[in-house]
Amino acid sequence: MDLMHALTTFVRIVETGSFSAAAREANSSHSAVTRLVSQLEDHFGVRLFHRTTRRLSLTEDGNDLLGHARHLIEMADEMEGTLGRHRATPSGLVRVGLPVGAATLLVPRLSILLRQHPALSVELVVRDQFGDLVEERLDVALGFSHPADSSLIVRQIGVFGRVPVAAAAYLEHHGAPGQPSDLTTHNCIIHETGPDSALWHFDGPNGSEGVRVSGSFRANNSEVLHNAALTGLGIAMLPEAMVADDLRAARLYRLLPDHPSRRQPAMILYPSRRHLAPRTRVVIDFLAEQIKLAENRLAEDRQWGATETAWLV
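Using the working numbering, the first residue of the sequence shown is number -19, and each one after it goes up by one.
Structure below.
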């Protein structure tokens, strides 16, 4: 038995005053409506109507059920209306997982999205690595490596690299490396992400090269590494989008411009396409648009040399 359908039919019998009228209204038969009421009576173990040839009236139990049924129907209508609006327009909360560098890039631009969709709310969960999106209650996340969970939807939206950088305060005292192997003699700021955190990869004229670096400072947060590099603590390997403004302003200098690091795909991850809410979809589209704009800007910078500023001894 469909309980909500049976309760709705019960209420309409009371409001129309007869089984026949409720049946005609529902484009159903008198026997089908009678059967629904019998099922309701069996379900609750009570008699709902006093029935005579001339008159239909509620029993005391029927009158009690009428109040509850009307309340449930009103609540169901309200839920349907609310969820229907959510399906039609972007509204409600979206939890977004972002690496620190991406958050630095995107937060100043979030006002664009929120102005376009005033009923939308965004909560950022910011850290450099994410585990289980469902367990962490994330609607969508931005990542730079393929997830272990094969059930996730993966949408590649760009390709980004990391660049070795240092501040003038460090380079004035220690000089700049001329080739990747020179990094072994420098104080390198290490992003702690696992066993190979200190292994930096480069692609140069002679092919791929891996250099195991060392240093006096490491952290698991790229913004902390960024600040450490700005203070002159050492050489850091940072996302190019994070340091683009620093390179333009000569707060940091790009090192080893002839040996670019391996570029990584930027990917949007989310649990399922099924019943994807409009609020989640507009956030996904916003992330894709902003990452593509950032990628294009960095490509232009590389073309004109704006982010290729090398330290000159």
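Glycine included, every Cβ here is placed at the ideal spot set by N, Cα and C.
Contacts around residue i, its chain only, beta-carbon distance under 8 Å, and the 5 residues preceding and following it disregarded
i, result
"G214", "A146, Y150, H166, N167, C168, I169, G195, S196, F197 and A208"
"T260", "V74, D119, V120 and Y250"
"F124", "P79, F140, Q244, P245, A246 and M247"
"E103", "L73, V74, R75 and V76"
"D122", "The question names Asp, but residue 122 in the sequence shown is Leu. Excluding residues within five positions, the ones whose Cβ falls inside 8 Å are V76, G77, L78, P79, A82, A246, M247, I248, L249, L267 and I271."
"T(-4)", "A2 and E5"
"L46", "F(-10), V(-9), V(-6) and L38"
"P175", "none"
Host alpha helix (DSSP H) of residue i (start-end)
i, result
"R4", "F(-1) to E5"
"S18", "H10 to F24"
"V(-9)", "L(-17) to T(-4)"
Residue i versus residue j - alpha carbon distance
i, j, result
"E54", "T32", "31 Å"
"Q109", "N200", "9 Å"
"A156", "A246", "30 Å"
"A279", "L52", "58 Å"
"E288", "T164", "Residue confidence for E288 is low, a pLDDT of 45 falling below 50, so the modelled location carries little weight; the figure read from the coordinates is stated next. When rounded, the distance between both Cα atoms is 22 Å."
"L218", "D162", "18 Å"
"L100", "H171", "34 Å"
"R(-8)", "D(-18)", "16 Å"
"V204", "L210", "10 Å"
"G187", "H181", "11 Å"
"L94", "R117", "21 Å"
"R34", "V(-6)", "15 Å"
"S9", "S131", "47 Å"
"A83", "S91", "13 Å"
"V114", "A148", "44 Å"
"H154", "V193", "15 Å"
"H30", "M59", "33 Å"
"L179", "G158", "18 Å"
"P88", "A216", "24 Å"
"H206", "D129", "30 Å"
"S0", "D112", "55 Å"
"V223", "L85", "10 Å"
"R107", "H23", "52 Å"
"P258", "E152", "53 Å"
"T173", "S241", "17 Å"
"D44", "S18", "17 Å"
"V262", "L256", "10 Å"
Neighbourhood of residue i by C-beta distance below 6 Å, restricted to the same chain and skipping five residues each side
i, result
"A286", "Any reading at A286 must be qualified, since the residue scores a pLDDT of 41, below 50, and its modelled position is unreliable; the value itself is stated next. Taken in chain order, the residues that qualify are R228."
"G25", "none"
"E189", "P160 and F182"
"D41", "V26"
"S295", "This structure leaves residue 295 out entirely; the chain is present only between -19 and 293."
Check whether residue i and residue j have beta carbons under 7 Å apart
i, j, result
"G141", "R277", "no"
"T39", "R27", "yes"
"R234", "V143", "yes"
"G81", "S177", "no"
"A274", "A230", "no"
"P160", "V191", "yes"
"A268", "I137", "yes"
"D225", "L232", "no"
"R135", "I271", "no"
"H48", "P70", "no"
"H126", "G184", "no"
The beta strand (DSSP E) enclosing residue i, as first and last residue numbers
i, result
"H181", "L179 to G184"
"H30", "F29 to R31"
"A246", "Q244 to Y250"
"L113", "Segment: none, L113 is in no beta strand (DSSP E) and carries neither H nor E."
"L122", "V120 to G123"
"L36", "L36 to L38"
Cβ neighbours of residue i in the same chain (closer than 7 Å, five flanking residues each side left out)
i, result
"T(-11)", "A2, A6, V13 and L16"
"L292", "Reliability of the predicted coordinates at L292 is poor, the pLDDT of 46 falling under 50, and no value is obtained from them."
"L20", "A(-14), F(-10) and L28"
"S(-2)", "L36"
"I264", "V120, I248 and Y250"
"G212", "A147, A149 and Y150"
"A56", "M(-16)"
Residue i Cβ short of 6 Å to the ligand PLP heavy atom set
i, result
"S101", "Absence of the ligand PLP is noted for the structure shown, with no ligands found whatsoever."
Going residue by residue through the stretch 133 to 221, where are the continuous alpha helix (DSSP H) segments of at least 4 residues, counting only ones entirely within it? 148 to 154 and 202 to 210
For the stretch 70 to 111, which segments carrying the beta strand (DSSP E) assignment without a break, of at least 3 residues, lie completely within its bounds, in sequence order? 72 to 78 and 100 to 106
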